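Line order of the protein sequences matches chains A, B and C. Just remember that the working numbering sits 36 ahead of the position in the first sequence, which is counted from 1. Just remember that the working numbering sits 61 ahead of the position in the second sequence, which is counted from 1. Just remember that the working numbering sits 86 ahead of the position in the third sequence, which is counted from 1. Glycine is no exception: its CB is placed at the ideal position from the N, C-alpha and C atoms. From a predicted model like this one, the values you see are computed outputs, not experimental measurements.
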Amino acid sequence: MRNVINMAAEEKRLIFKHIDQPGYTIDIDCYLKHGGYETAKKALTLKQADIINEVKASGLRGRGGAGFGCGLKWSFIPPTNTKPVYLICNADESEPGTFKDRQIIYKDPHQLLEGMLISCYANRVSLAYIYIRGEFPDGAKILEHAIEEARKRNFLGKNILGSEYSLEIYVHRGAGAYICGEETGLIESLEGKRAYPRIKPPYFPAVLGLYQCPTIVNNVETLCHVKHIMAMGGAEYTKLGTPNNTGTRILCVSGDVNKPGYYEFEVGKVTLGELIYDVCGGIQNGNQLKAIIPGGSSAKVLRADETFKIKQKQADGSIIEKSITINDIPMDFDTMAAAGSMAGSGGVIVMDHTRDMVEALANINEFYAHESCGQCTPCREGSLWMKKITTRMTHGGARKEDLGLLKNVADNIAGRTICAFGEACSWPTQSFIAKFPEEFENKAKPETSSEPIRTAA
Amino acid sequence: MSPFRPEFLAKVDETIAHYPVSKRSASLPLLHLWQEEFGHISDEAIHWIAEKLSLQPIQILELVTFYPMFRQKPFGKYHIKVCRTLSCALGGGYELHECFKKTLQVDGDAHGPIHSPDGKYTLEFVECLASCGTAPVCMINDDFHEKVDSQEKVNALLAKCN
Amino acid sequence: MIAPTETTKELVNIQLDGQWVQVPKGMNAIEAAKAFGKLIPHYCYHPKLQVVGNCRMCLIEMGTPKMGPDRKPILGTDGRPEIAWMPRPQIGCATNAAEGMAFRTTSPLIEECRKGVMEFLLINHPLDCPICDQAGECQLQEFSVEFGGEKSRFVENKVKKPKRVDLGERIVLDDERCILCSRCIRFTRDVAKDDCLGFVSRGSHTVLTAHPDKPFNNNYSLNTVDICPVGALTSKDFRFKMRVWFLKETPSICTSCGTGCNTIIGSRENVVHRQTPRDNEAVNECWMCDYGRLNFHYLNDGKRLTQPQVRVKQDLFPTDWEDVLSQAANSFKNVSPSEIAILASARMTNEELFLVKQLQKQLGGDAVLLDVLPRPQKADHLLVCDDGNPNSQGAQLLGVSQKGEKLETLRQGIASGKYRVVLALHEDLTILGISVENLNKIESLISLSLLSNEMTNISRFILPGAGFAEKRGSMINVKGRLQRLNKAIATAGSAKEDWEILNQLITHLGGASFSSIDEVFKTMAATYPVLANLSLSKIGDQGIALKFNS
């Protein structure tokens, strides 16, 4: 089945260096023993602009899902700004298939705090929040405890380590709404409102964010990377990973593999095939691979027997076009996009040949219908409609026109909503239909097409 | 005399202080505090929190009904949340939900909270709990449980609920 | 070409459906298109409310100038910038004009977008137009016809939501019709400053509501019925009363306070069924208060006086106008001017008040007591002003008002029996605290009134006048703006327009008569410089700011 034989890809644990290490605990003494806060001490002696430049030089791309340049995001704060700047750590980890931030929060909270301290200092932030999903109650307590420890050692609070820089970080718990992962929805939620994402323009967080002030929203993993970038230098960091896809990233594998879990690799240095067969021990029960959702449940599904035409930039700058199989796709931002999906949040969901793709889509659609905030029309009405169609299809009520209808409903959502949830909820439908049309067609029996079966709302 | 524990009131004030720019930001945290203290968000809670934060009651009601973790009715002493979403479904989330239903001898709409007749348990199918690699997962109150993939494990979890 | 509005602002060149035009910088695409006669359909956008962009109906294609390596726009053969079109549609409400920007208000993509949004809005809609009050002025209906698809593809069960929700004293909500545009929420939060509406639940199950303990009762609540683009919010006062397409619409002004909100009177067969605000940036923008809006039912009140009446001993007898006016005129004979008092009303029009002044002159000039009843009240933050009279400024200008300073003299004079003839014009003397007993001391009490009351019951002559919707005329609001009332319906029964009554009374007293109300205005304008060169017609529907020399 696999046509790439490499030596087993090796993990490169930067963020996860100490996670799951025997004897490594969450208390600050343990963190300090392992060199904790040394990078922050150094950073506090640097000019803010120099830190931002290092982060820019590192090429760090956001690990929350969109893969947007972190340094670039920071540089959007207007140079003439006189308002306070806020930083919010997006710890609302909610994208199905993703469970990396949970590990950092529960097992190495000070790493996050140190990353935040450096990032806040660089952006002249004196008040920051960690927006943690409500379903991590212990995580919130761990972070609060860690903040308390850090305050006692003056890594937080007033005049941090004599630098005249002051920072307060507070933990803010969400309450079970996926949409709070969207940065402007998160900001609304933090303002005590329904998490309705804001229109952009004009409400770009870097200009009109929390309390209408410039605001940086970064993912947990992204902020941890900042610490490592400052420790090794931006240029050194770029040596990890591949061009434009630098550093390491955490991949979370779930579904039908023998060894699901979280693994940290240099970006693009492991292929999907290596990840599934070498790292995760292959498909469970000796089954065949059928489909992979490579970057959280909103990423477009890849079919096991597809070939992907991708353009690859060579070292000399020339571009060659290659045809590759699913196993050959390197886990980086650009190739995954070229393959028609996205690296997203790094959540890889694997499905074997026994899985019914209509059932799988019905499950995903139910998630998005439940999580649509309901603010804008296409997503509010379309996500529930798609759910109703796929639920009906899995309950014996499929019609032959459902395939076209589903696709059209999804097409009427994507690209027309306030926030990226529109894409998140329509990409699964669009891709499942495009990749597995026969499964949808087979569900529809001709005799049932005229009399639809109604399902409960 | 205030019907509230001094510890609760102190925690409320401390929480509000975390939001020096806008008290309204303390809405969700206060709802959490109230629910932890009293079990559910009553009408009184909505008025009390609104007043505490100089808001209108509708502004709190908007939140209570938007964020799924807040409940307006009392729940059982043990709130069992089973993850429904894809990775857990692949790993047996629906079976786990069924197993809890069977074991607790309850039935009802899969997508709302199901209360056991004695009121001790509330079973709820929830969306992704962010531990997809250890599917199927569930939470019982604040405690998180991974790979709950057998009747024995369900029995063991329920045995701890006293 | 220049946009008709906001011409003082900096102008930018934009390409609108292929044509280069100029619009004020920052004007959004909906307004820019509107300025050139193009409709970008929209639901949530309202020019007076915060832009939220939730309905997605106003999606357009947007482009910006292609930039060359020198960071300057690349120009095409026509000397205009070449456009780089964005692949995704943008919302017109939040797309603000900048130099070189391009909009396409229609294209295959945009038509698809609109069709898609229309379909989404309708799948859970009850489609109960035959019993919906909004029918005839429903944007869901209108845009569905214009931009929607032919037939529904939705075969699932619809989402069920609450019907006939009592939101407050004057508003009923049908949540199934609501398209969640949030206009009402933004209005009551940002304009009415009463943040009492909100959304509860989530996703497609979201419903609009008020907290049961804090109902939607503010004095501006009915504006949300106007701005609701669908039939979700309805007025308890108007719902099920009349199909809107039967209503005759007459532009007029509200006479419930000195603000003079511009209105449209909706009437049918000489019955007013509703009042709605009419846009006037200088007065009320597009709002009005609930009190003023609903303050028309008295026109149909059972106590309405519809027939001139004359008292014979203890009883009032109906008569005709000629009789009542000649008898009333006769009652002034052998009465000295100082024995006559006129209480006029600052609720009367300028033309009427001008005639009142003529009447005073005819009866002996300043020796005849003349004043109006002031109505000071508490102003609110928005439209209700501190003057409950709609035309205090006019009464002042025309020398009718002494700001109520004569009222004490009047009260005492009536009590002492000094005033033998008293004219009460649209005011009830008992409101001044004058007892019926004292009123009975007046030999000839002449009441020009709409409704019967304690005073008319003991008057010698009853002259049934006209309500605000039954007459044409002008008033000057508290800010000195001359505005015009228009006649929407006929006067009730044999009641007459007040200017005619006054005009004929003057004639009976031997004074000069006017042939029309326009002539009254003309004469008045010739008398008062601030009105020079104006006519009733020239006032127009937007009114004129008068320049008083103070």
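On a CA-only basis, which of the options is nearest residue i? Give me that one, please.
{"i": "residue 201 of chain A", "options": "A/182, A/169, A/155, A/148", "result": "A/155"}
{"i": "residue 166 of chain B", "options": "B/179, B/154, B/173", "result": "B/179"}
{"i": "residue 380 of chain A", "options": "A/168, A/135, A/369", "result": "A/369"}
{"i": "residue 128 of chain A", "options": "A/149, A/209, A/178, A/174", "result": "A/209"}
{"i": "residue 199 of chain C", "options": "C/220, C/506, C/234, C/622", "result": "C/234"}
{"i": "residue 298 of chain C", "options": "C/255, C/327, C/278", "result": "C/255"}
{"i": "residue 477 of chain A", "options": "A/457, A/459, A/426", "result": "A/426"}
{"i": "residue 290 of chain C", "options": "C/207, C/382, C/584, C/443", "result": "C/207"}
{"i": "residue 576 of chain C", "options": "C/586, C/324, C/356", "result": "C/356"}
{"i": "residue 316 of chain A", "options": "A/385, A/419, A/394, A/87", "result": "A/385"}
{"i": "residue 547 of chain C", "options": "C/484, C/473, C/415", "result": "C/415"}
{"i": "residue 53 of chain A", "options": "A/71, A/194, A/272", "result": "A/71"}
{"i": "residue 142 of chain B", "options": "B/151, B/158, B/150", "result": "B/158"}
{"i": "residue 127 of chain B", "options": "A/140, A/83, A/221, A/57", "result": "A/221"}
{"i": "residue 541 of chain C", "options": "C/565, C/571, C/510", "result": "C/510"}
{"i": "residue 64 of chain B", "options": "B/90, B/105, B/81", "result": "B/105"}
{"i": "residue 170 of chain B", "options": "B/136, B/221, B/185, B/119", "result": "B/185"}
Would you list the one or two residues that DSSP bridges to residue i?
{"i": "residue 463 of chain A", "result": "Answer is none; residue 463 of chain A lacks a bridge partner."}
{"i": "residue 427 of chain C", "result": "C/455, C/508"}
{"i": "residue 366 of chain A", "result": "A/307"}
{"i": "residue 534 of chain C", "result": "C/511, C/549"}
{"i": "residue 199 of chain B", "result": "B/143, B/206"}
{"i": "residue 106 of chain C", "result": "C/101"}
{"i": "residue 339 of chain A", "result": "A/327"}
{"i": "residue 406 of chain A", "result": "In DSSP, residue 406 of chain A forms no bridge with anything."}
{"i": "residue 401 of chain C", "result": "C/398"}
Under 7 angstroms Cβ-Cβ, which residues of chain B neighbour residue i?
{"i": "residue 247 of chain A", "result": "82, 83"}
{"i": "residue 554 of chain C", "result": "Those do not exist, as residue 554 of chain C stays about 36 angstroms from chain B at its closest Cβ, beyond 7 angstroms."}
{"i": "residue 300 of chain C", "result": "117, 118, 119"}
Please compile the residues from chain C whose C-beta is within a distance smaller than 8 angstroms of the C-beta of residue i.
{"i": "residue 408 of chain A", "result": "288, 289, 290"}
{"i": "residue 76 of chain B", "result": "Simply none; closest approach about 23 angstroms."}
{"i": "residue 420 of chain A", "result": "245, 289, 290"}
{"i": "residue 235 of chain A", "result": "137, 138, 139, 177, 180"}
Does the distance from the C-beta atom of residue i to that of residue j stay below 8 angstroms?
{"i": "residue 85 of chain B", "j": "residue 212 of chain A", "result": "no"}
{"i": "residue 263 of chain A", "j": "residue 151 of chain A", "result": "yes"}
{"i": "residue 188 of chain C", "j": "residue 238 of chain A", "result": "no"}
{"i": "residue 330 of chain C", "j": "residue 265 of chain C", "result": "no"}
{"i": "residue 302 of chain A", "j": "residue 277 of chain A", "result": "yes"}
{"i": "residue 293 of chain A", "j": "residue 319 of chain A", "result": "yes"}
{"i": "residue 562 of chain A", "j": "residue 178 of chain A", "result": "The first residue shown for chain A is 37 and the last is 493, placing residue 562 of chain A beyond what the model contains."}
{"i": "residue 121 of chain A", "j": "residue 106 of chain A", "result": "no"}
{"i": "residue 530 of chain C", "j": "residue 506 of chain C", "result": "yes"}
{"i": "residue 133 of chain A", "j": "residue 255 of chain A", "result": "no"}
What residues of chain A sit near residue i, judged by a beta carbon separation below 7 angstroms?
{"i": "residue 123 of chain B", "result": "230"}
{"i": "residue 199 of chain C", "result": "452"}
{"i": "residue 192 of chain B", "result": "135, 138"}
For a cutoff of 8 angstroms on Cβ pairs, would you count residue i as touching chain F?
{"i": "residue 199 of chain B", "result": "Looking at the structure shown, chain F is missing, and the protein chains on hand are A, B and C."}
Name the chain B residues whose beta carbon is nearer than 8 angstroms to that of residue i?
{"i": "residue 297 of chain C", "result": "107, 117, 118, 119, 122"}
{"i": "residue 209 of chain A", "result": "89, 90, 93"}
Which residues in chain A have a C-beta closer than 9 angstroms to the C-beta of residue i? List them in chain order.
{"i": "residue 146 of chain B", "result": "132, 133, 333, 399, 400, 402, 403"}
Anything in chain A within Cβ reach of residue i, meaning under 8 angstroms, just list it in chain order.
{"i": "residue 229 of chain C", "result": "Simply none; closest approach about 12 angstroms."}
{"i": "residue 625 of chain C", "result": "None at all; the shortest Cβ gap to chain A is about 40 angstroms."}
The stretch 183–201 of chain C / the stretch 98–109 of chain C touching (three or more Cβ pairs under 8 angstroms): yes
Cβ pair count under 8 angstroms reaching 3, the stretch 399–412 of chain A against the stretch 444–451 of chain A: no
Touch test, the stretch 270–284 of chain C against the stretch 332–344 of chain C, Cβ-Cβ under 8 angstroms, three pairs minimum: no
Inter-stretch contact (C-beta, 8 angstroms, three-pair minimum) for the stretch 182–194 of chain A and the stretch 270–287 of chain A: no
The stretch 452–461 of chain C / the stretch 490–501 of chain C touching (three or more Cβ pairs under 8 angstroms): yes
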